[in-house]
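My numbering puts the last residue of the sequence shown at 376; the count rises by one with no breaks.
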Amino acid sequence: MEQYQNLVKWRKKLLSPVKGLDWASEMVLNPAIVQDPETGRIHMLVRTTGPWPQAQLPGKPLPFPIFFGYGWSDDGENFEFDLSRPALSPGLHFKKEEIYVEDVYGNRVVDYSNGCIEDPRIFFVDGVCYMNTACRMFPAGPYWDHDEPTQCAPEWALTEENTFGTRANPTVNVLYQVDLKALSNKDYENAFRYVCHLTDPEKGEDRDLFFFDKKMVIDGEECFVMLQRPHHPDRYGLADNRPSIVMAAAKDLRDFATDNVVRRTLLLTPDLDWQEEKVGASTPPISLGNGEWLLNYHGKQDLVAGYAQSFMILEEKENDFPVIKHICNDKMIVNEEPWEAPSKFKTPCVFFTGLIEYDGDLLCSYGAADEHVGLMRIDYPMLMDILRKCDNK
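What follows is the structure, given as structure tokens:
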């Protein structure tokens, strides 16, 4: 770790749970950021939660639905937050016939974001701004005390009557289009449009999902190329059953949640000690030009050692997925500040969810200790110098 000590120029806490604010009183974390190419404003969406008795079912624990709050910055360091209301909220319907939403194509589709919307990532693909979020159909309970995803679900949802594939209430990734102008104006009703779900709930937990910002030719087909971290890659026909980084290609966004993909492949499996429990991509890839991409990734060792962040450089291949050209196999960034240390949660966690180029460096937004919103500035030239001295294994 000593050789990476000067990589982070500064880090600061931006937001903590807000007492008395029902939708953000318990924790605020895992913020996504994106810079508006027209105005230069940096937009942030923050995962929040608080007790929500109005959605409590008889005999069930008090639910803690997960919302998104909105923040913004015009200088890359100081953020303002709109704490008057959530920017995006789950539907919180419990009757089967009500768990639907209209998608961007005008279709009535199942609303997999009905209970919780978690861990946003914001990115552009071919000039269109998108956000992916890991969603649950039913709200969470106090998961820091008792992590049982079904504890607040209605009884019918735990039986064969649930035909949505969500009896275990897994995270299902949902893609939205984002209108940055509407978001900046706090016109939240028009800022988000439901596109589709991207993962199959029948295949289990899946997170840390986002896209390269352009289509690529894979096996002769022009495709969207997606990174994901399925808990069970083997359920997609891949040769590993541990949480790993997977790349997938499809001609239509709605194909990703089906078997109608062009191909899936493993990019990285958790083979090092500090990745023993899982490894996943953390933030959307940044184009370096000349067919190269900077990819930030994380590993989790266990509940005691927690999460760490590192980086790799990918290289595009003709008619195929990008491959690893350089990778740092060490922990590069871990928790250091007191507010990044375990508190409500007992696992050390600096969890990157946003990374953009800014004024010659990298600006990173992250969740600290699963409770606070953090921001750090990373020395971009130093990082690239380190990475280009690493091999591809």
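The beta-carbon is built from N, C-alpha and C at its ideal position, and this holds for glycine as well.
Margin query: Restricting to Cα atoms, I'd like to know which of Phe47, Leu249 and Val208 is closest to aspartate 223.
Written below: As a working note, residue 223 is residue 240 in the sequence shown. Comparing Cα positions, the closest option is Leu249.
Notebook entry, point to check: Quick one, which of Gln134, Asp102, Tyr95 and Thr22 has its alpha-carbon nearest proline 14's?
Noted result: Counting from one through the sequence shown, the residue named residue 14 turns up at place 31. Ranked by how close their Cα comes to the Cα of proline 14, the residues Gln134, Asp102, Tyr95 and Thr22 have Asp102 in first place.
Note to self: Short of 6 Å in beta carbon distance, which residues of its chain neighbour arginine 237, apart from the five on each side in sequence? Order them along the chain.
What the structure shows: Start at 1 with the first residue of the sequence shown, and residue 237 comes out as number 254. Correct list, in chain order: Cys179.
Next item on the list: Report buried or exposed for glycine 220, applying the criterion of at least 16 other Cβ atoms within 10 angstroms of its Cβ.
Entry: Against the sequence shown, residue 220 aligns to sequence position 237. With fewer than 16 other Cβ atoms within 10 Å, it is exposed.
Next item on the list: Drop a sphere of 10 angstroms on the beta-carbon of serine 56, count the other beta-carbons inside from all chains shown, and report buried for 16 or more, exposed for fewer.
Entry: The residue given as residue 56 occupies position 73 in the sequence shown. It counts as buried.
Note to self: If I follow the unbroken beta strand (DSSP E) through leucine 28, where does it start and stop?
What the structure shows: On the sequence shown, residue 28 is found 45 positions in, with the first residue counted as 1. Counting along the chain, the beta strand (DSSP E) containing leucine 28 begins and ends at 25 to 32.
Item checked: Inter-residue spacing [alpha-carbon to alpha-carbon] between valine 317 and glutamate 144 -> Locating residue 317 in the sequence shown gives position 334, where the first residue counts as 1. Locating residue 144 in the sequence shown gives position 161, where the first residue counts as 1. Using only the alpha carbons, I get a separation of about 44 Å.
Margin query: Am I right that serine 8 and valine 1 are in contact with their C-beta atoms under 8 Å? What's the rounded C-beta distance?
Written below: What you label residue 8 is simply residue 25 of the sequence shown in a count that begins at 1. What you label residue 1 is simply residue 18 of the sequence shown in a count that begins at 1. The distance from the Cβ of serine 8 to that of valine 1 is about 6 Å, consistent with a contact at the 8 Å cut-off.
Check: Which class does proline 216 belong to by DSSP, given the choice of helix, strand or coil?
Finding: By one-based count along the sequence shown, residue 216 stands at place 233. Taken through DSSP and simplified to helix, strand or coil, proline 216 comes out as helix.
Check: Excluding the five sequence neighbours on either side, which residues of its own chain have a C-beta within less than 8 Å of the C-beta of tyrosine 113, listed in chain order?
Finding: Position 130 of the sequence shown, counted from the start, is the residue given in the question as residue 113. In the same chain as tyrosine 113, and ignoring 5 residues on each side of it, the C-beta atoms closer than 8 Å to its own belong to Ile105, Phe106, Phe107, Leu158, Tyr159, Gln160, Val161, Val178 and Phe194, in chain order.
Next item on the list: Pick out whichever of Asn156, Asp191, Met10 and Phe334 has its Cα sitting closest to the Cα of glycine 33.
Entry: Stepping through the sequence shown from its first residue, residue 33 is reached at position 50. Nearest neighbour of glycine 33 by Cα position, chosen from Asn156, Asp191, Met10 and Phe334, turns out to be Met10.
Next item on the list: Check each candidate in Asp368, Thr116, Tyr349 and Ser167 and name the one with the smallest Cα separation from leucine -2.
Entry: Here the question's residue -2 lines up with position 15 in the sequence shown. The shortest Cα separation from leucine -2 among Asp368, Thr116, Tyr349 and Ser167 belongs to Tyr349.
Notebook entry, point to check: Taking the alpha carbon of glutamate 298 as the point to measure from, which residue in Val29, Pro132, Ile339 and Gly272 has its own alpha carbon closest?
Noted result: Here the question's residue 298 lines up with position 315 in the sequence shown. Checking every option, the nearest Cα to that of glutamate 298 belongs to Gly272.
Check: How would you call glutamine -12, buried or exposed, if buried means at least 16 neighbouring beta carbons within 10 angstroms?
Finding: On the sequence shown, position 5 is the one that residue -12 refers to. Exposed.
Notebook entry, point to check: Opposite alanine 291 in the DSSP bridges: which residues?
Noted result: Locating residue 291 in the sequence shown gives position 308, where the first residue counts as 1. DSSP, once it has assigned bridges, lists Gly282 as partnering alanine 291.
Notebook entry, point to check: Cβ atoms of glutamine 284 and glutamate 260: under 8 Å apart, would you say?
Noted result: What you label residue 260 is simply residue 277 of the sequence shown in a count that begins at 1. What you label residue 284 is simply residue 301 of the sequence shown in a count that begins at 1. The Cβ-Cβ distance between glutamate 260 and glutamine 284 falls below 8 Å.
Check: From the DSSP output, which residues share a beta bridge with asparagine 168?
Finding: Here the question's residue 168 lines up with position 185 in the sequence shown. Beta-bridge pairing links asparagine 168 to no other residue.
Margin query: Within a Cβ cutoff of 6 Å, which residues of the same chain sit near asparagine 279, ignoring the five residues on either side of it in sequence?
Written below: Taking the first residue of the sequence shown as 1, we reach residue 279 at position 296. Annotation for asparagine 279: Ser265, Thr266, Phe294, Phe335 and Leu338 place their beta carbon closer than 6 Å to its own, counting only its chain and skipping 5 residues before and after.
Next item on the list: Look at the Cβ atom of arginine 119, then the Cβ atom of glycine 98, and state whether they are nearer than 8 Å.
Entry: Residue numbering aside, residue 119 sits at position 136 when the sequence shown is read from its first letter. Residue numbering aside, residue 98 sits at position 115 when the sequence shown is read from its first letter. Yes, these two residues count as a Cβ contact at 8 Å.
Next item on the list: Apply the 10 Å Cβ neighbour rule to serine 67 and answer buried if 16 or more other Cβ atoms are within range, or exposed otherwise.
Entry: Residue 67 sits at position 84 when you count from the first residue of the sequence shown. Classification for serine 67: exposed.
Check: From this set, Phe64, Gly42, Leu28 and Trp276, which residue's C-alpha is nearest phenylalanine 51's C-alpha?
Finding: Walking along the sequence shown from the start, residue 51 turns up at place 68. Taking phenylalanine 51 as reference, the option from Phe64, Gly42, Leu28 and Trp276 with the minimal CA-CA separation is Leu28.
Check: Among residues of its own chain, excluding the 5 on either side of glutamate 275, which ones have a beta-carbon nearer than 8 Å to its beta-carbon?
Finding: In the sequence shown, the residue the question calls residue 275 occupies position 292. Ile296, Leu297, Glu298, Glu299 and Lys308, listed in sequence order.
Note to self: With three or more C-beta pairs closer than 8 Å as the rule, is the region 286 to 293 touching the region 361 to 369?
What the structure shows: Between the region 361 to 369 and the region 286 to 293, the count of C-beta pairs closer than 8 Å stays below three; the two stretches do not touch.
Item checked: Cutoff 8 Å; reference proline 125; Cβ partners in own chain excluding five residues on either side -> Indexing the sequence shown from 1 puts residue 125 at position 142. Cβ within range, chain order: Pro44, Leu45 and Phe47.
Item checked: Exposure label - aspartate 20; buried when at least 16 CB within 10 Å -> Position 37 of the sequence shown, counting from 1, holds the residue named residue 20. Inspection of the sequence shows that residue 20 is occupied by proline rather than by aspartate. The residue is exposed, with fewer than 16 neighbouring Cβ atoms inside 10 Å.
Note to self: Taking the straight line between their C-alpha atoms, what separation do you get for aspartate 65 and proline 73?
What the structure shows: Translated into the one-based positions of the sequence shown, residue 65 becomes position 82. Translated into the one-based positions of the sequence shown, residue 73 becomes position 90. Cα to Cα, aspartate 65 sits roughly 18 Å from proline 73.
Notebook entry, point to check: Within 10 angstroms of its Cβ, does histidine 281 collect 16 or more other Cβ (buried), or is it exposed?
Noted result: For the purposes of this step, residue 281 is identified with residue 298 of the sequence shown, where counting begins at 1. Its Cβ being crowded by 16 or more others within 10 Å, histidine 281 is buried.
Notebook entry, point to check: Between the beta-carbon of aspartate 353 and the beta-carbon of leucine 40, is there less than 8 Å?
Noted result: Sequence index remark: in the sequence shown, residue 353 carries index 370 (1-based). Sequence index remark: in the sequence shown, residue 40 carries index 57 (1-based). Not a contact, by the Cβ cut-off of 8 Å.
Margin query: Counting C-beta neighbours from all protein chains within 10 Å, is the total for threonine 146 16 or more, i.e. buried, or is it exposed?
Written below: Translated into positions along the sequence shown, residue 146 becomes position 163. With fewer than 16 other Cβ atoms within 10 Å, it is exposed.
Check: Between valine 333 and valine 92, what straight-line distance do the alpha-carbon atoms span, to the nearest angstrom?
Finding: Position 350 of the sequence shown, counted from the start, is the residue given in the question as residue 333. Position 109 of the sequence shown, counted from the start, is the residue given in the question as residue 92. In a straight line, the C-alpha of valine 333 is about 35 Å away from that of valine 92.
Item checked: Terminal residues of the alpha helix (DSSP H) in which aspartate 368 lies -> Walking along the sequence shown from the start, residue 368 turns up at place 385. Segment 363 to 370, the alpha helix (DSSP H) holding aspartate 368.
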